[in-house]
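Numbering (the numbering used here), first residue to last: 13 to 144.
Here a beta-carbon is modelled for each residue, glycine too, at the ideal position from N, C-alpha and C.
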């Protein structure tokens, strides 16, 4: 499971070690890269917003550091990706271009719909005690 991120934004060391352990146990691997040229072809690209709730970061620094990591059509083609995924909210022009998120390769609305059904089932269980 390759992950690409700017230097200085590495994942938590304990979480990374755990992920590597689980991956090894299941015949997989976790690798970290700072350069898209190090990545192999892939079926899908999954990204997240550059600004998460509760994180206090200098927004100018984040925009500068993450700008080379924007998902755009050139990257989709470079990696041979057929699908784009994002957990939303997405900011067009930041982590992804409108051409990608609004294009035919985008699965973001399907993802959102699936989350809606799962969240509804949780609400039913919490409010009624009945299983959906």
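Chain B beta carbons: is any one of them nearer than 8 Å to that of residue i?
i: residue 125; result: Considering every chain present, this structure includes no chain B. It has just one protein chain.
Any heavy atom of the ligand MN inside 7 Å of the beta-carbon of residue i?
i: residue 24; result: Looking for the ligand MN in the displayed structure turns up nothing, as the structure carries no ligands at all.
Residue i by DSSP, collapsed to three states: which one?
i: residue 56; result: strand
i: residue 81; result: helix
i: residue 48; result: helix
i: residue 43; result: strand
Since residue i sits in a beta bridge, which residues does DSSP pair it with?
i: residue 104; result: 108
How about residue i and residue j: do their beta carbons lie closer than 8 Å?
i: residue 42; j: residue 51; result: no
i: residue 75; j: residue 111; result: no
i: residue 106; j: residue 62; result: yes
i: residue 60; j: residue 18; result: no
Quick check: the Cα distance between residue i and residue j, rounded to an integer number of angstroms?
i: residue 135; j: residue 126; result: 15 Å
i: residue 20; j: residue 141; result: 45 Å
i: residue 132; j: residue 93; result: 31 Å
i: residue 23; j: residue 113; result: 25 Å
- Task: Examine the Cβ distances between the segment 91-99 and the segment 110-129 and report whether three or more of them are shorter than 8 Å.
- Result: yes
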